[in-house]
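Report on the following structure.
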Amino acid sequence: MKAVATDIPEVLIFQPQIFSDARGLFWESFNERRFFELTGIKTAFVQDNHTKSVKDSLRGLHYQLHQPQGKLVRVVSGEIFDVAVDLRKSSPTFGRWVGAVLSAENRQQMWVPAGFAHGFVVQSESAEILYKVTDFYAPEYERTIRWNDPSIGIEWPIGISPLLSAKDQAAGSLTNAEVFA
Ligand SMILES: Cc1cn([C@H]2C[C@H](O)[C@@H](COP(=O)(O)OP(=O)(O)O[C@H]3O[C@@H](C)C(=O)[C@@H](O)[C@H]3O)O2)c(=O)[nH]c1=O
190 MKAVATDIPE VLIFQPQIFS DARGLFWESF NERRFFELTG IKTAFVQDNH
240 TKSVKDSLRG LHYQLHQPQG KLVRVVSGEI FDVAVDLRKS SPTFGRWVGA
290 VLSAENRQQM WVPAGFAHGF VVQSESAEIL YKVTDFYAPE YERTIRWNDP
340 SIGIEWPIGI SPLLSAKDQA AGSLTNAEVF A
């Protein structure tokens, strides 16, 4: 597993080392020691989430106040454009975003640290996404920022009219959102 930097230093793209033989492939999709070497974070993941979505579904931008979750995101079928937005008020990159294509083919993972909002759009006919999280689901602290908030300006892949949940359709702007210190 190696880490590729992004424009926001704490957000990383992981690329696994793939072992191939006549039977097929093997790779470590998570290794606690290597994760620590790459991030400096002694993280105990407490929950694994698995979602399946159809093309043009957009989930996000989501975060939990008071019980923030770091998320290690990967795709086991299909392709997504995955996005992290820095919501730490004291950060030099507050309000900025990074995005990356994650797919079953490229096997890349995105590390979205606590203090960030997360979202993705599905670019294939359907996609299955797995992500490990560092704290439990806490619906009372769950917050959503609108996917196309102009104050963030995410450049989502061109030509999408996304399929959103009712919650995500009703989401507001970062300008009025409660964020992290
Ligand atoms: C997130 C979550 C949802 N649920 C339930 C609540 C609800 O009935 C159903 C669907 O929930 P949602 O509509 O919030 O699912 P979704 O829109 O996929 O929410 C997720 O979006 C991505 C982008 C993230 O980063 C996640 O942290 C999470 O917020 O699943 C759980 O039981 N546990 C969980 O951890």
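Converting from the sequence shown to the numbering used here requires adding 189 to each position, the first position being numbered 1. Note that the Cβ used here is the ideal one computed from N, Cα and C, for glycine as well.
Option nearest residue i by Cα separation, candidates the options
i    : options                : result
Q297 : P328, Y326, G249, V265 : V265
L352 : R222, V243, G284, F234 : V243
I197 : P302, G213, T240       : P302
P346 : G213, I269, F325       : I269
I230 : P281, E221, D357       : E221
V235 : Q256, H251, T228       : Q256
Own chain partners of residue i with C-beta closer than 7 Å, once the 5 adjacent residues on each side are dropped
i    : result
P205 : M190, W216, E217, S218, R296
I341 : V274, G284, W286, L363
A360 : T333, I334, R335
Own chain partners of residue i with C-beta closer than 6 Å, once the 5 adjacent residues on each side are dropped
i    : result
E331 : Q253
T195 : V287
H239 : L319
K241 : E317
E226 : none
Residues near residue i by beta carbon distance below 8 Å, same chain, minus five either side
i    : result
G267 : S292, A293, V311, Q312, S313, E314, S315, A316, E317
For residue i, the residue or residues it bridges with in DSSP
i    : result
N238 : Y320
I334 : G361
M299 : I202, V262
G288 : V272
L247 : V310
P192 : This sequence places Ala at residue 192; Pro is not what is there. Per DSSP, F203.
G213 : D210
A352 : Checking the sequence, you will find Leu at residue 352 rather than Ala. Paired residue(s): S246.
F369 : R277
Y252 : R332
F224 : Answer by DSSP bridge pairing: none, since F224 is not bridged.
S315 : V243
F305 : D275
Heavy atom of ligand 1 within 7 Å of residue i beta-carbon
i    : result
G259 : no
H251 : yes
H159 : One cannot answer for residue 159 here, as it falls past the ends of the chain, which runs 190 to 370.
Y326 : yes
K244 : no
K181 : Any question about residue 181 goes unanswered here, given that the chain covers just 190 to 370.
CB contact flag (residue i, residue j, <8 Å)
i    : j    : result
I207 : A192 : no
V200 : A306 : no
F309 : D271 : yes
G259 : R277 : no
A366 : S279 : no
D245 : S350 : yes
M299 : V262 : yes
D357 : R248 : yes
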